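Residues 198 to 537 (my numbering) make up the sequence shown, in order.
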Amino acid sequence: MNIGDKVRLLRAKGEGIVSRFLPGNMVEIEIEDGFRIPVMRSELVPVSPLEAEKLLRKSTFEPQKPTAPSAPSILANQGIYLAFVAVNDREYSLYLVNNTDWDFPYALGEESAAPTGGVQFRGLFAGMLKARAHQKMNDLYTHATFENWPTFVVQGLWFRAGKSTLRAPLVKRFKARAATFFKNKTTVPVLNQPGFVSQLDAEGTEPAQPAAPSSNRPRPHTIRPDELKAEMLKPKNDPDAIAVDRPSSVVDLHTEALLPKGTGNRGPADLLKLQLDTFEKALENAVASGMSEITFIHGVGSGALRTELHKRLGQHAHVRFFEDAQKQKFGYGATKVSLK
Numbered sequence: 198m199n200i201g202d203k204v205r206l207l208r209a210k211g212e213g214i215v216s217r218f219l220p221g222n223m224v225e226i227e228i229e230d231g232f233r234i235p236v237m238r239s240e241l242v243p244v245s246p247l248e249a250e251k252l253l254r255k256s257t258f259e260p261q262k263p264t265a266p267s268a269p270s271i272l273a274n275q276g277i278y279l280a281f282v283a284v285n286d287r288e289y290s291l292y293l294v295n296n297t298d299w300d301f302p303y304a305l306g307e308e309s310a311a312p313t314g315g316v317q318f319r320g321l322f323a324g325m326l327k328a329r330a331h332q333k334m335n336d337l338y339t340h341a342t343f344e345n346w347p348t349f350v351v352q353g354l355w356f357r358a359g360k361s362t363l364r365a366p367l368v369k370r371f372k373a374r375a376a377t378f379f380k381n382k383t384t385v386p387v388l389n390q391p392g393f394v395s396q397l398d399a400e401g402t403e404p405a406q407p408a409a410p411s412s413n414r415p416r417p418h419t420i421r422p423d424e425l426k427a428e429m430l431k432p433k434n435d436p437d438a439i440a441v442d443r444p445s446s447v448v449d450l451h452t453e454a455l456l457p458k459g460t461g462n463r464g465p466a467d468l469l470k471l472q473l474d475t476f477e478k479a480l481e482n483a484v485a486s487g488m489s490e491i492t493f494i495h496g497v498g499s500g501a502l503r504t505e506l507h508k509r510l511g512q513h514a515h516v517r518f519f520e521d522a523q524k525q526k527f528g529y530g531a532t533k534v535s536l537k
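Written out as structure tokens, the structure is:
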């Protein structure tokens, strides 16, 4: 049972939506008239998906016509990774990982220097990688030949059924470098196994250049296999191991924090939209980078911003639960969000 789930009371007539988990195995639910009541967890049963959709469309003010399911209000737009997972102490399997809410039609190949000069490309795989999915590539790469690994090239499109914003195709190259490759050891998103990852769609990254002709390439640094093996077998919690960059775990949504030079001629509606856009982007980045929790400081005010945040959080598929943050640290106007 999660925040936002639709539930039915076992010993009374009524339905509601889970809004918060309370101590003592109690659950707070919001019933149809907008009131929130505490109920023992054992007195609740989840509503089936078809019934849940009908319950969400109900209104006490006016009847509504059935509508097609709408897209999530918050989408994870970033999170395409190449991941190398150790098969044994000598070999790695290559994975392509999609930790976004978009389907990702892709083509994967490799570039290397041609014997006659220039660069040659070899196509390896192509297909459709569904949202929150991974695909294992069959080739195995050994640490003994690390210095001769090719430049990997990933080309991809972004697809969602229905209306969505047109996104530019993704074309990224990745060349493994010993100086940085073995520092990116972390838990691979979606796959949930330890491995070495490279995020291809991170903001601010530049695609690697195609491999230079053999006559112009600098001589590679000699890589000792025993050193690579030791790096590969380092514990995941090694202090030298770092994960991909993550956004701040505390996001201040006050207008003075977002617009330090003043609001200018922006009205209340424009300011609220700016706050919600900032909230959505921060939550999207937190999900894409595998964060476990994030706190939003929204203040007290009229409560409109807090209400809208809680509404969207309650409908988000990757939110485990949310609650008021510590008042001693953030006052009365902050919400802590736990992510799946």
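Note that beta-carbon positions come from the ideal geometry of N, C-alpha and C, so glycine has one too.
Since this is a predicted model, take the numbers as computed values, not measurements.
Which same chain residues, not among the five before or five after residue 449, have their C-beta less than 6 Å away from its C-beta? Cβ contact annotation for residue 449 (same chain, cutoff 6 Å, sequence separation greater than five): 494, in chain order.
Simplified DSSP assignment, three categories, for residue 482: For residue 482, the secondary structure class from DSSP, reduced to helix, strand or coil, is helix.
Under the three-state reduction of DSSP, which class applies to residue 256: helix, strand or coil? Residue confidence is low: residue 256 scores 41 on pLDDT, short of 50, so the model does not pin down where it sits. No coordinate-derived value is stated.
Quick one, are the C-beta atoms of residue 502 and residue 469 less than 8 Å apart? Against a cut-off of 8 Å, the Cβ pair of residue 469 and residue 502 comes out as a contact.
Opening and closing residue of the alpha helix (DSSP H) in which residue 367 lies: Run containing residue 367: none in the alpha helix (DSSP H); it sits in the beta strand (DSSP E), 367-371.
Among residues of its own chain, excluding the 5 on either side of residue 225, which ones have a beta-carbon nearer than 6 Å to its beta-carbon? 216, 217, 219, 233 and 235, listed in sequence order.
So what's residue 364 in DSSP terms, helix, strand or just coil? Residue state, collapsed to three classes: coil.
Could you work out which residue in 313, 319, 332 and 520 is closest to residue 291 when comparing CA atoms only? The shortest C-alpha separation from residue 291 is found at 332.
As a quick exercise: from 341, 375 and 205, pick the residue whose alpha carbon is nearest that of residue 228. Each of 341, 375 and 205 was checked against the Cα of residue 228, and the nearest Cα belongs to 205.
Going along the chain, which residues of its own chain have a beta-carbon closer than 8 Å to the beta-carbon of residue 418, five neighbours each way excluded? Caution applies to residue 418, whose pLDDT of 47 falls short of 50 and renders its modelled position unreliable; the value that the coordinates give is listed next. 344 and 375, listed in sequence order.
Close Cβ partners of residue 373 (< 6 Å) along its chain, the five nearest in sequence each way excluded: Once the five neighbours on either side are set aside, the close Cβ partners of residue 373 are 346.
Cα-Cα, which of 349, 312, 316 and 382 is closest to residue 303? Comparing Cα-Cα distances from residue 303 to each of 349, 312, 316 and 382, the minimum goes to 349.
Would you list the residues sitting across from residue 289 in a DSSP beta bridge? BP columns for residue 289 point to 283 and 338.
Only counting the same chain, and skipping five residues up and downstream in sequence, which positions put a Cβ closer than 8 Å to that of residue 532? Cβ neighbours of residue 532 beyond the five flanking positions: 492, 493, 495, 503, 506, 507, 510, 519, 520, 521 and 522.
Proximity below 8 Å, CB of residue 293 to CB of residue 326: Result yes, Cβ atoms of residue 293 and residue 326 sit closer than 8 Å.
Residue 338 to residue 312 span [Cα, whole Å]: The straight-line gap from Cα to Cα measures roughly 21 Å.
Do residue 330 and residue 298 have their beta-carbon atoms positioned less than 8 Å apart in this structure? Against a cut-off of 8 Å, the Cβ pair of residue 330 and residue 298 comes out as no contact.
Would residue 207 and residue 242 be called neighbours here (beta carbons separated by less than 8 Å)? One thing to note: residue 207 has its Cβ within 8 Å of the Cβ of residue 242.
Checking the sheet assignment: what are the DSSP bridge partners for residue 217? DSSP lists 225 as partners of residue 217.
Just reading off the beta strand (DSSP E) that residue 490 is part of, what are its end residues? First-last of the beta strand (DSSP E) with residue 490: 490-494.
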